[in-house]
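>
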Ligand SMILES: Nc1ncnc2c1ncn2[C@@H]1O[C@H](COP(=O)(O)OP(=O)(O)OP(=O)(O)O)[C@@H](O)[C@H]1O
Ligand SMILES: [Mg+2]
């Protein structure tokens, strides 16, 4: 059966031209002139690619985005004769992958459809199992949502626009950022990562923009900030919603002017750094709660890239399992396998800590298993009611500090290393959690020095 291309367009001439191109690539066309007609498209007739006019008569094309037939679409393209960024952003947040101004650019549509047609073919001829997992940049994956991500990454990497990565903890945001850098023309420059949650508030400005000698007590020499170090390369601003709100305003100005000052500095500095920001929060919610400035959001989210959670990646769960297990076997010169029953348990789990959780669970199971990983070795699998079966024991002679450390480390483990989830269950802020972890790391450093 031919893959389906849906077109919602009330401009008959434009629609006919588009339908011509689409048909040439082997798609069958379902063309509708109004929303009601398009909404009546059979729910179980999967649409591979959709072209949706934002204003179709009185109707808003955005209302079509939740149609069940579009759920597994490879590409959803919004079209408009006007420039309405807010509308486009809403569409992109709801799953659209591209936007273009009418009339369409035949060359662009042509290259897009060539990729898509090849992919549809591959998806239908590919055996489900025992297939080595595909790789794109540093990322492993071949499921439809990951391919969609790879395709968008390929298109975005080459441009200099800033990108906002949105995804749950452990989904691979940092790997996506590094891969975008690798595929960009800045690959020869530095990739500099700043974790906004790990920087103490009072040091933020000097960490980001640097400081001059003597700018404050303790500033014994000039210090280059992340911004300057990323000159000619990429600056990855991880957990952007943890950046103090005043600094977000400052960052926005710097991005707009392309220049900044070091703390205590008298002259303007320039840095040509491409910004990739990341968050595991829902940006709209973070804006509503005053943790993300809306104007900064619009500046950095010209390309919001959503990284799908592991539970939505279908056969990638098996693929990643095989990949991580193989990595362990190669590293240790072993040949430990995994039973079908264990694989099924892994597949059935919801993975709140995503790929990171899968990886650390397999490392544990690998140690416990003798020849083959069985369900009993999957100790870290919490039951999906969210209740962990783990307890900690604290001697009654322990200090509060010692007890706290045990609890914090146990919470982290329970949540598969997902710091946000651990902080939430502990009832502390992410920043507090980071501060404690930094303290523990320092204590260990001290102990090692002794
Ligand atoms: N697609 C993937 N292929 C291979 N390894 C992956 C993939 N995605 C994530 N990983 C691995 O999972 C771990 C978590 O990835 P990463 O640190 O990029 O996630 P993150 O989204 O930045 O998480 P957080 O929000 O907690 O910072 C890393 O060990 C990374 O190498
Ligand atoms: Mg990260």
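In this note's numbering, the protein residues as written are 3 to 452. From the three backbone atoms N, C-alpha and C, an ideal C-beta is built for every residue, glycine too.
Quick check: what's the CA-CA separation for residue 254 versus residue 189?
Each residue's alpha carbon lies about 24 angstroms from the other.
> To the nearest angstrom, how far is it from the Cα of residue 133 to the Cα of residue 345?
The predicted model places residue 133 with a pLDDT of 44, which falls under 50 and marks its position as unreliable; any figure quoted below should be read in that light. Answer to the nearest angstrom: the Cα atoms are 15 angstroms apart.
> Should residue 244 be listed as close to ligand 2, given that the test is whether its C-beta is under 7 angstroms from any heavy atom?
False, no ligand heavy atom lies under 7 angstroms from that Cβ.
> According to DSSP, what are the bridge partners of residue 334?
According to DSSP, which records beta bridges pairwise, residue 334 is partnered with nothing at all.
> In chain order, what residues of the same chain have a beta carbon less than 6 angstroms from the beta carbon of residue 361, not counting five sequence neighbours either side?
Cβ within range, chain order: 326.
> Suppose you measure from the CA of residue 43 to the CA of residue 97; what does that come to, to the nearest Å?
Cα-Cα distance, rounded: 19 angstroms.
> Can you grab the Cα-Cα spacing for the pair residue 258 / residue 81, in whole Å?
One C-alpha to the other measures close to 28 angstroms.
> If contact is defined by three or more beta carbon pairs under 8 angstroms, each pair taking one atom from either stretch, is the segment 260-274 in contact with the segment 111-122?
Taking 8 angstroms as the limit for Cβ pairs, the verdict is that the segment 260-274 does not touch the segment 111-122.
> Between the alpha carbons of residue 32 and residue 108, how many angstroms are there, rounded?
C-alpha separation (whole angstroms): 19 angstroms.
> Skipping 5 residues on each side, what residues in its chain have a beta carbon closer than 8 angstroms to that of residue 387?
The predicted model places residue 387 with a pLDDT of 38, which falls under 50 and marks its position as unreliable, so this point remains unresolved.
> Mind checking whether residue 334 and residue 170 have CB atoms under 8 angstroms apart?
For residue 334 and residue 170, no; Cβs fall outside 8 angstroms.
> For a minimum of 3 consecutive residues, which ranges assigned as the beta strand (DSSP E) are wholly contained in the segment 164-229?
Listed in chain order, they are 165-168 and 193-197.
> Can we count residue 282 as close to ligand 1, meaning its CB is less than 7 angstroms from some heavy atom?
Yes.
> By DSSP, does residue 69 sit in helix, in strand, or in coil?
Coil at residue 69, not helix or strand.
> Compute every distance between the C-beta of residue 329 and the non-hydrogen atoms of ligand 1, then say whether any falls below 7 angstroms.
Answer for residue 329: no, Cβ out of range of ligand 1.
> For residue 374, count neighbouring C-beta atoms within 10 Å of its own C-beta (all shown protein chains included) and say buried if the count is 16 or more, exposed if not.
Exposed, by the Cβ-count rule.
> Going residue by residue through the segment 338-373, where are the continuous alpha helix (DSSP H) segments of at least 4 residues, counting only ones entirely within it?
Fully enclosed alpha helix (DSSP H) runs of 4 or longer: 342-350 and 356-370.
> I'd like the list of long-range same chain contacts for residue 92, defined as Cβ closer than 7 angstroms, with 5 residues on each side in sequence excluded.
If we look at residue 92 and ignore the five residues flanking it on each side, its Cβ neighbours are 64.
> On the DSSP bridge assignment, give the partners of residue 328 in chain order.
DSSP lists no partner for residue 328.
> What's the call for residue 155, buried or exposed, on a 16-neighbour Cβ count within 10 Å?
Residue 155 comes out buried.
> Hey, would you say residue 349 sits closer than 8 angstroms to residue 418, going by beta carbons?
No, these two residues do not count as a Cβ contact at 8 angstroms.
> Starting from the Cα of residue 420, find the closest Cα among 117, 440 and 436 and give me that residue.
With distances taken between Cα atoms, residue 420 lies closest to 436.
> For the candidate residues 439, 352, 426 and 430, whose alpha-carbon lies nearest to that of residue 407?
Cα-wise, what sits closest to residue 407 is 439.
> Return the Cβ separation of residue 192 and residue 235 in integer angstroms, given the expectation that the two are a contact with Cβ distance under 8 angstroms.
With a Cβ gap of about 4 angstroms, residue 192 and residue 235 count as contacting.
> Can you tell me whether residue 354 is buried or exposed? The criterion is at least 16 other CB atoms within 10 Å of its CB, across all chains shown.
Buried: at least 16 other Cβ atoms inside 10 Å.
> Which residues bound the beta strand (DSSP E) around residue 30?
Element bounds for residue 30: 30-34.
> Does the segment 134-148 come into contact with the segment 174-186, if we say contact requires no fewer than three beta-carbon pairs (one atom in each stretch) closer than 8 angstroms?
A contact exists between the segment 134-148 and the segment 174-186.
> Between residue 41 and residue 20, is the Cβ-Cβ spacing less than 8 angstroms?
No, the pair does not count as a contact, with Cβ atoms beyond the cut-off.
> Indicate the three-state DSSP secondary structure (helix, strand or coil) for residue 62 in the structure shown.
Three-state DSSP puts residue 62 in a strand.
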